[in-house]
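Visitor: Take this structure first; my questions come after.
Number of protein chains: 2
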Amino acid sequence: MTGTDAPHSEFELPQLYRLHAACHTERPPGHPRGSCGAVGAQPLWDRLAKTLEAKGLTDIGFTASGCLGFCNAGPLMVVYPDGVWYRPTTPDDIDEIVESHFTHGQRVDRLVMVLTRR
Amino acid sequence: MTGTDAPHSEFELPQLYRLHAACHTERPPGHPRGSCGAVGAQPLWDRLAKTLEAKGLTDIGFTASGCLGFCNAGPLMVVYPDGVWYRPTTPDDIDEIVESHFTHGQRVDRLVMVLTRR
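Heads up: the protein sequence lines correspond to chains A and B, in order.
Using this note's numbering, the first residue of the first sequence is number 16, and each one after it goes up by one.
Using this note's numbering, the first residue of the second sequence is number 16, and each one after it goes up by one.
Quick look at the structure:
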């Protein structure tokens with residue numbers, strides 16, 4: 016469903032962001048549900064936020080997110096509306112996602128998390 | 016771009032969730048960036064999580080989110096891949112979104128936040 020083909024909707028809905036990245040942040044130390052795979056992810060998201068700002072990509076939303084539900088997969092980012100789940104591990108991975116996907120619309124296949132829902 | 020029409024992508028990407036809701040959670044008391052419009056939202060998200068579970072809507076992702084960027088708009092939820100931003104204020108609003116949008120694919124126009132990006 017989109018704003019244009021939704022049944023019974025009375026208006027077309029503009030998208031607030033061209034792309035919107037939700038980035039899994041780690042649980043704080045001592046969290047009752049324990050740690051998860053997002054440990055160590057924060058430097059990656061910091062780089063992402065700074066790179067988006069430096070490149071003036073103001074049409075890309077960036078949101079820190081609670082658990083995205085695939086805790087063993089490591090640092091996770093999901094990009095909507097594409098629905099692409101990335102598992103970056105290095106600053107270079109972040110730069111490649113920004114350059115290829117966010118700038119040129121080309122998915123970075125090597126960083127895609129391919130999982131079926133549990 | 017989607018998994019099927021993305022240039023230079025080598026495989027089709029299955030979607031992990033039919034719909035994925037990111038819900039703005041409030042900043043804790045004393046947060047250096049101050050409070051924001053999400054104050055009081057938590058009971059709404061609790062109801063959403065419980066309703067999704069009770070109805071067995073396991074194909075709907077639910078993620079607590081950091082600031083979504085429209086702090087004056089009140090409790091916010093964005094639903095992807097549709098890109099629909101909702102501003103629910105009561106438990107009945109949550110129930111209507113679950114019944115209409117999440118179950119029958121019909122956007123709840125009266126609860127949609129229509130804003131242009133600042």
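Virtual Cβ for every residue (Gly too), placed ideally from N, Cα, C.
(1) Could you spell out where the beta strand (DSSP E) holding residue 75 of chain B opens and where it closes?
(2) Please state the DSSP three-state secondary structure of residue 56 of chain B.
(3) For residue 100 of chain A, I'd like the list of residues in its chain whose CB is within less than 7 Å of its CB, leaving aside the five on either flank, ordered along the chain.
(4) Closer than 9 Å, Cβ to any Cβ of chain A: which residues of the region 83-98 of chain B, in chain order?
(5) Out of B:108, B:76, B:110, which has the shortest C-alpha to C-alpha gap to residue 32 of chain B?
(6) Which class does residue 34 of chain A belong to by DSSP, given the choice of helix, strand or coil?
(7) By alpha-carbon positions, which one of B:70, B:71, B:79, B:67 ends up nearest to residue 148 of chain B?
(8) Run down chain B in chain order and give the residues with a C-beta less than 9 Å from the C-beta of residue 79 of chain A.
(9) If you draw a straight line from the C-alpha of residue 1 of chain B to the C-alpha of residue 24 of chain B, how long is it?
(10) Note down, in chain order, every chain B residue with its Cβ under 7 Å from the Cβ of residue 127 of chain A.
(11) Can you tell me whether residue 39 of chain B is buried or exposed, with buried defined as 16 or more other CB within 10 angstroms of its CB?
(12) Three-state secondary structure (DSSP) at residue 17 of chain B?
(13) May I ask you to list the residues that DSSP assigns as paired with residue 93 of chain A?
(14) Distance, Cα to Cα, residue 67 of chain B vs residue 113 of chain B?
(15) Measuring straight from C-alpha to C-alpha, what distance separates residue 124 of chain A and residue 109 of chain A?
Guide: Inspection of the coordinates gives the following:
(1) Your numbering for residue 75 of chain B matches position 60 in the second sequence. 75-80 is the extent of the beta strand (DSSP E) around residue 75 of chain B.
(2) Taking the second sequence and counting its residues from 1, one reaches residue 56 of chain B at position 41. Here residue 56 of chain B sits in coil by DSSP.
(3) Numbered from its first residue, the first sequence carries residue 100 of chain A at position 85. Here the set comprises 91, 93, 127, 128.
(4) Within the region 83-98 of chain B, the qualifying residues are 83, 84, 85, 93, 95, 96, 97, 98.
(5) For the purposes of this step, residue 32 of chain B is identified with residue 17 of the second sequence, where counting begins at 1. The shortest C-alpha to C-alpha distance from residue 32 of chain B to any of B:108, B:76, B:110 is the one to B:76.
(6) For the purposes of this step, residue 34 of chain A is identified with residue 19 of the first sequence, where counting begins at 1. Of the three classes helix, strand and coil, the one that applies to residue 34 of chain A here is strand, per DSSP.
(7) In this structure chain B extends from 16 to 133, so residue 148 of chain B is not present and cannot be described.
(8) Within the first sequence, numbered from 1, the residue matching residue 79 of chain A stands at position 64. Near residue 79 of chain A (Cβ distances below 9 Å), the residues of chain B are 80, 81, 82.
(9) Absent from the structure is residue 1 of chain B, since the part of chain B shown begins at 16 and ends at 133.
(10) For the purposes of this step, residue 127 of chain A is taken as residue 112 along the first sequence, with counting starting at 1. Ordered by position in chain B, the residues that pass the 7 Å Cβ test against residue 127 of chain A are 28.
(11) On the second sequence, residue 39 of chain B is found 24 positions in, with the first residue counted as 1. That one is buried.
(12) Against the second sequence, residue 17 of chain B aligns to sequence position 2. Only weak support is given to the placement of residue 17 of chain B: the predicted model assigns it a pLDDT of 45, under 50, and the value that follows is read from those uncertain coordinates. DSSP places residue 17 of chain B in the coil class of the three-state scheme, outside both helix and strand.
(13) What you label residue 93 of chain A is simply residue 78 of the first sequence in a count that begins at 1. Looking at the DSSP assignment, residue 93 of chain A forms a beta bridge with A:37, A:100.
(14) To locate residue 67 of chain B, count along the second sequence from 1; it is residue 52. To locate residue 113 of chain B, count along the second sequence from 1; it is residue 98. Those two C-alpha atoms are separated by around 8 Å.
(15) As a position in the first sequence, residue 124 of chain A is number 109, starting the count at 1. As a position in the first sequence, residue 109 of chain A is number 94, starting the count at 1. Rounded to the nearest angstrom, the gap between the Cα atoms of residue 124 of chain A and residue 109 of chain A is 13 Å.
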